[in-house]
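Participant:
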Amino acid sequence: MNPQFLGRNVFDLDDYSHDEIMYILEAAKGMKEINTREYKKIPTLRGKTVCTLFVENSTRTRMSFELAANRLSADVVSFQANVSALQKGESLQDTVYTLNAMGIDLYCIRHSSPGSPQLVNKYSQKPVINGGDGRHAHPTQALLDIYSIWEKRGDIKGLKISIVGDILHSRVVRSNLIGMRKLGAKVTVCGPKTLMPSNMESVYDCKVEYDLGKALSGADVVMGLRMQLERMSEGLFPSLEEYSKHYVLSKDTLKYAKGNALIMHPGPMNRGVEILPEIADSKQSVIVEQVANGVAIRMALMFLILGGKA
Amino acid sequence: MDGKLLRKEMLIDGRKIASIAKQIDDRADRTIDAAGAAIFPGFIDLHAHLRDPGQTYKEDIVTGTRSAAKGGYTAVCAMPNTDPVTDNIASVEYIQLRAKELGSAKVYVIGALTKQSKGEEISEMATMKSGGIVAVSDDGNCVQNSRLMLSCLRYAANFKLPVIVHPEDYALAGKGQIHAGKVATRIGLSGIPGLAEEVIIARDIMLAESAGARLHIAHISTERSLELVRSAKKRGLPVTCEVTPHHLVLAEEACSSFNTNTKMKPPLRSEKDRQACISALKEGLIDCIASDHAPHADFEKEREFDHAPFGIIGFETAFAILYDKLVQTKTISLKTLVDNLSSKPAQLLNLPGGIIKEGACADITIIDLNSNSSFTEDSFLSKSSNSPWLNESVKSRVKYTFMNGRITYQDS
Numbered sequence: 043m044n045p046q047f048l049g050r051n052v053f054d055l056d057d058y059s060h061d062e063i064m065y066i067l068e069a070a071k072g073m074k075e076i077n078t079r080e081y082k083k084i085p086t087l088r089g090k091t092v093c094t095l096f097v098e099n100s101t102r103t104r105m106s107f108e109l110a111a112n113r114l115s116a117d118v119v120s121f122q123a124n125v126s127a128l129q130k131g132e133s134l135q136d137t138v139y140t141l142n143a144m145g146i147d148l149y150c151i152r153h154s155s156p157g158s159p160q161l162v163n164k165y166s167q168k169p170v171i172n173g174g175d176g177r178h179a180h181p182t183q184a185l186l187d188i189y190s191i192w193e194k195r196g197d198i199k200g201l202k203i204s205i206v207g208d209i210l211h212s213r214v215v216r217s218n219l220i221g222m223r224k225l226g227a228k229v230t231v232c233g234p235k236t237l238m239p240s241n242m243e244s245v246y247d248c249k250v251e252y253d254l255g256k257a258l259s260g261a262d263v264v265m266g267l268r269m270q271l272e273r274m275s276e277g278l279f280p281s282l283e284e285y286s287k288h289y290v291l292s293k294d295t296l297k298y299a300k301g302n303a304l305i306m307h308p309g310p311m312n313r314g315v316e317i318l319p320e321i322a323d324s325k326q327s328v329i330v331e332q333v334a335n336g337v338a339i340r341m342a343l344m345f346l347i348l349g350g351k352a
Numbered sequence: 003m004d005g006k007l008l009r010k011e012m013l014i015d016g017r018k019i020a021s022i023a024k025q026i027d028d029r030a031d032r033t034i035d036a037a038g039a040a041i042f043p044g045f046i047d048l049h050a051h052l053r054d055p056g057q058t059y060k061e062d063i064v065t066g067t068r069s070a071a072k073g074g075y076t077a078v079c080a081m082p083n084t085d086p087v088t089d090n091i092a093s094v095e096y097i098q099l100r101a102k103e104l105g106s107a108k109v110y111v112i113g114a115l116t117k118q119s120k121g122e123e124i125s126e127m128a129t130m131k132s133g134g135i136v137a138v139s140d141d142g143n144c145v146q147n148s149r150l151m152l153s154c155l156r157y158a159a160n161f162k163l164p165v166i167v168h169p170e171d172y173a174l175a176g177k178g179q180i181h182a183g184k185v186a187t188r189i190g191l192s193g194i195p196g197l198a199e200e201v202i203i204a205r206d207i208m209l210a211e212s213a214g215a216r217l218h219i220a221h222i223s224t225e226r227s228l229e230l231v232r233s234a235k236k237r238g239l240p241v242t243c244e245v246t247p248h249h250l251v252l253a254e255e256a257c258s259s260f261n262t263n264t265k266m267k268p269p270l271r272s273e274k275d276r277q278a279c280i281s282a283l284k285e286g287l288i289d290c291i292a293s294d295h296a297p298h299a300d301f302e303k304e305r306e307f308d309h310a311p312f313g314i315i316g317f318e319t320a321f322a323i324l325y326d327k328l329v330q331t332k333t334i335s336l337k338t339l340v341d342n343l344s345s346k347p348a349q350l351l352n353l354p355g356g357i358i359k360e361g362a363c364a365d366i367t368i369i370d371l372n373s374n375s376s377f378t379e380d381s382f383l384s385k386s387s388n389s390p391w392l393n394e395s396v397k398s399r400v401k402y403t404f405m406n407g408r409i410t411y412q413d414s
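Listed in order, the protein sequences are those of chains A and B. Residue numbering for the first sequence follows this note's numbering, starting at 43 and increasing by one per position. Residue numbering for the second sequence follows this note's numbering, starting at 3 and increasing by one per position.
(1) Whose C-beta lies closer than 6 Å to the C-beta of A299(A) among residues of the same chain, with five residues either side of it excluded?
(2) Going along the chain, which residues of the segment 184-200 of chain B sit with their C-beta nearer than 7 Å to a C-beta in chain A?
(3) Between L318(A) and R232(B), what straight-line distance do the alpha-carbon atoms span, to the nearest angstrom?
(4) Looking at the unbroken beta strand (DSSP E) that takes in S120(A), where does it start and where does it end?
(5) Which complete beta strand (DSSP E) runs does the segment 28-98 of chain B hold, if anything under 3 residues is left out?
(6) Identify the continuous beta strand (DSSP E) that holds T338(B) and give its terminal residues.
(7) Hey, how far is the Cα of T333(B) from the Cα of D341(B)?
(8) With 9 Å as the threshold, decide whether the Cβ of N241(A) is near any Cβ in chain B.
(9) May I ask you to list, following chain order, the residues of the segment 302-323 of chain B that have a beta carbon less than 8 Å from some beta carbon of chain E?
(10) Is the CB of S386(B) under 9 Å away from at least one CB in chain A?
(11) Given this structure, state the Cα-to-Cα distance separating L209(B) from V145(B), to the nearest angstrom.
(12) Excluding sequence positions up to five away, which residues of its chain have a Cβ less than 8 Å from the Cβ of Q135(A)?
(13) Quick one: give me the first and last residue of the alpha helix (DSSP H) that E243(A) is part of.
(14) On the premise that K224(A) lies in contact with H60(A), defined as a C-beta separation below 8 Å, what is that separation, rounded to the nearest angstrom?
(15) Since I believe L324(B) is in contact with V251(B) (beta carbons under 8 Å), could you give me their beta-carbon distance rounded to a whole number of angstroms?
(16) Under 8 Å Cβ to Cβ from E98(A), same chain only, skipping five residues before and after it: list those, please.
(17) Taking R205(B) as the reference, which of I189(B), S258(B), T246(B) and N147(B) has the closest Cα?
(18) F301(B): buried (16+ other C-beta within 10 angstroms of its C-beta) or exposed?
(19) Give the secondary structure of Q135(A) by DSSP, where H, G and I count as helix, E and B as strand, and everything else as coil.
(20) What's the C-alpha gap between L87(A) and G56(B)?
(21) S223(B) CB to nearest chain A CB: under 9 Å?
(22) Under 9 Å, Cβ to Cβ, is there at least one residue of chain A near L8(B)?
(23) Buried or exposed: N302(A), going by 16 or more other Cβ atoms within 10 Å of its Cβ?
(24) Can you give me the C-alpha to C-alpha distance between I280(B) and D326(B), rounded to a whole angstrom?
(25) Kindly indicate if chain B contains any beta-carbon less than 9 Å away from that of R213(A).
(26) Using DSSP with H/G/I as helix, E/B as strand and the rest coil, what is N142(A)?
(27) If we call anything under 9 Å between Cβ atoms a contact, is F377(B) one with E394(B)?
(28) Is T103(A) helix, strand or coil when you go by DSSP?
(29) Confirm, please, whether the CB-CB distance from K108(B) to A77(B) is below 9 Å.
(30) In chain B, which residues lie with their C-beta within 9 Å of the C-beta of A179(A)?
(31) Can you tell me whether V206(A) is helix, strand or coil according to DSSP?
(32) If we ignore side chains and look at the alpha-carbon of each, how far apart do P355(A) and G349(A) end up?
(33) Flag F260(B) as yes if its beta-carbon sits less than 9 Å from any beta-carbon of chain A, otherwise no.
(34) In its own chain, which residues sit with a C-beta less than 6 Å from the C-beta of L95(A), not counting the 5 before and 5 after it?
(35) If we ignore side chains and look at the alpha-carbon of each, how far apart do M12(B) and G113(B) end up?
(36) Under three-state DSSP, which class holds K235(A)?
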């Protein structure tokens, strides 16, 4: 048990130091080993109760959190907004009061509103892991991304990481920028200007490129982001075809990156839009491994926060 | 007076200030020792939401004016976004009557610019003018249709009614929650760009010039908005503007902890915009300070940031916060602060008050500038406590407020 992590919230990575992030990665390494066993379960969190509180649809992330808790032997309860009182007008405050009365020890929340994990913590006085709040943050995704790079490359420092796509709406990018910069990577974000937030350079100390070739030039890691159709009706880009023509990750465009560049994507992918199968399924791709690492990272966080015994 | 505090005695007789002198020998029914405190003209707020009728769980005319009196105000202008909207003479008279009977401050009514403030048809503003409205506005809403806005301005000019505009281009503001700046980029809330305000100010200055109308811009908040007003004034156009205390004291960084009491329209802008507002206040480009008192119940504010309503209360904090953050820090003078809260808003809408002199109505406030007080849910006389300064302490305290010679607030 490391008291440094006990009862901590994971709202975003800015609350965690370089050394703490490294400590989490090391812990996740041990967890990953458990996931390769025939019997993938340890008793460390027996008697603890984890609640996944998902006020925005997400099957994959919720499953990842629940598997993580299950493998540590915690009890898991799941609250989903589409089948719940939240749609009938109960406030988040009352929902959390209700859940809390049932004896929850840790909340994992997904919500479309930035800042809602902070509210859940305020109402419950229990630790909260942010599973994605609007465009704000997605720290467990960033940690699993960083873990995936660290596992392959050993050191993040000095790596050139290029992230391509709808930067404006991406919580994955925001948390990754914080974490990757803390670990000393050089990050370039790339996408059409209409999908790029203002002041990126000064807020994150990163580089902004609108040209894919320039963005990928010399990259050690290339991450694609999901391009959503609804941005078209918001007047932010004209068509998936035109987007793809300029920003797709393909053999052709990846030639600007280093020959052994890692290919990443937080999923779900739009094959043929932001990434071609020839890249997504290539030997350099760690996209499927990212998913496996996600379970390990979430196990590590739950273990550290709830004070599991090793 | 003339920027200096003088040691004087004041005699109030009935509704008037009877005399001001070094020493008054006349016997009074009641004597108040204001030693150590300063007497200012009662503050006048050109921009307030009293929520009455229709949303009296947030505020009503009784609590709203009590709250105003506690903040040193003796007169407030009520914005028409009530329910129903104050777009007709009966609604105007309701507010006037309630305020006269039960109010702790004078309440001047601002009538709606368009029917139900829907931005579709001109309101019966001439009829409301005969009932005593002091201006027209669709505050909270903004007429998007430029042709209709031109028509409203021409019609208002016809009846010599100032038009107060809440400048917001809806399409540019979108679903924005806070200023489209560094903090919005970092915390992922959608942004309201300064442009949403600026393009409407530019449009309305041009339309008002063409219509020959008197235009007042509510809660100005960006550097470029101020430049637009500057150039309009330079050309001699009857364009004025107000700034809120929060845009003078807070910037976008205040939103970074997701406190819904930092959510209002226009949003808290960049530090550069804030500094521009302060400079404009000092040089007199800004014509007055208005609170934009906008009460909301705690259950409305106590929720996810992007689901909480826009607006904060302002009567009780305005003077105290500005005194602490701008006067005490020597950023602006006490005279600038007091003038912008009293004589300047009075002149702007040609309202009585805002001055201390013999024969004037006894609308005054007595403030101890060396006494601490704090803002808590219990301390606010407003029904609501949605203030970014909740649980903060300040270094001044209103001791008494008099409206027409009657005590409307007394510190206990």
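Glycine included, C-beta positions come from ideal geometry on N, C-alpha and C. All of these numbers come straight from a predicted model, not from anything done at the bench.
Facilitator: With the given structure in hand:
(1) Taken in chain order, the residues that qualify are L258, A261 and V264.
(2) Residues of the segment 184-200 of chain B with a C-beta less than 7 Å from any C-beta of chain A: K184, T187, R188, I189, G190 and L191, listed in chain order.
(3) So the two alpha carbons sit approximately 54 Å from each other.
(4) Run containing S120(A): D117 to Q122, per the beta strand (DSSP E) assignment.
(5) Counting only runs of 3 or more, we get 39-43, 45-50 and 75-80.
(6) Careful: T338(B) lies outside any beta strand (DSSP E), inside the alpha helix (DSSP H) at L336 to L343.
(7) When rounded, the separation of the alpha-carbon atoms in T333(B) and D341(B) is 15 Å.
(8) Yes, contact with chain B.
(9) Among the protein chains of the structure shown, namely A and B, there is no chain E.
(10) Using a Cβ-Cβ cut-off of 9 Å, S386(B) does not count as an interface residue toward chain A, since no Cβ of chain A sits closer than that to its own.
(11) Pairing L209(B) with V145(B), the inter-Cα distance amounts to about 12 Å.
(12) Around Q135(A), the same chain offers L161 and Y165 as residues with beta carbons nearer than 8 Å, after the five sequence neighbours per side are excluded.
(13) First-last of the alpha helix (DSSP H) with E243(A): M242 to Y246.
(14) The C-beta separation of H60(A) from K224(A) comes to about 5 Å, placing the pair in contact by the 8 Å criterion.
(15) The Cβ separation is near 7 Å, so the contact holds.
(16) In chain order, A123, R152, H153, S154 and G174 place their CB closer than 8 Å to the CB of E98(A), counting only its own chain and leaving out the 5 sequence neighbours on each side.
(17) Considering only alpha carbons, the answer is N147(B).
(18) Under this definition F301(B) is an exposed residue.
(19) The answer is helix: DSSP assigns Q135(A) an H, G or I state.
(20) The C-alpha of G56(B) is placed about 53 Å away from the C-alpha of L87(A).
(21) Not closer than 9 Å to any Cβ of chain A, the Cβ of S223(B) fails to qualify, so no.
(22) Under the 9 Å criterion on CB atoms, L8(B) is classed as non-interfacial with respect to chain A.
(23) So N302(A) ends up on the exposed side.
(24) When rounded, the separation of the alpha-carbon atoms in I280(B) and D326(B) is 14 Å.
(25) It does; some Cβ of chain B falls within 9 Å.
(26) In this structure, N142(A) counts as helix in the three-state DSSP scheme.
(27) With respect to the 9 Å criterion, F377(B) and E394(B) are classified as neighbours on the basis of their beta carbons.
(28) Note: T103(A) maps to helix in three-state DSSP.
(29) Cβ distance < 9 Å, so A77(B) and K108(B) count as in contact.
(30) Chain B residues near A179(A): I189 and G190.
(31) Strand.
(32) Residue 355(A) is absent from the structure shown; chain A starts at 43 and stops at 352.
(33) By this cut-off, F260(B) is an interface position.
(34) If we look at L95(A) and ignore the five residues flanking it on each side, its Cβ neighbours are F121, Y149 and I151.
(35) Those two C-alpha atoms are separated by around 37 Å.
(36) Looking at K235(A) - three-state DSSP - the assignment turns out to be helix.
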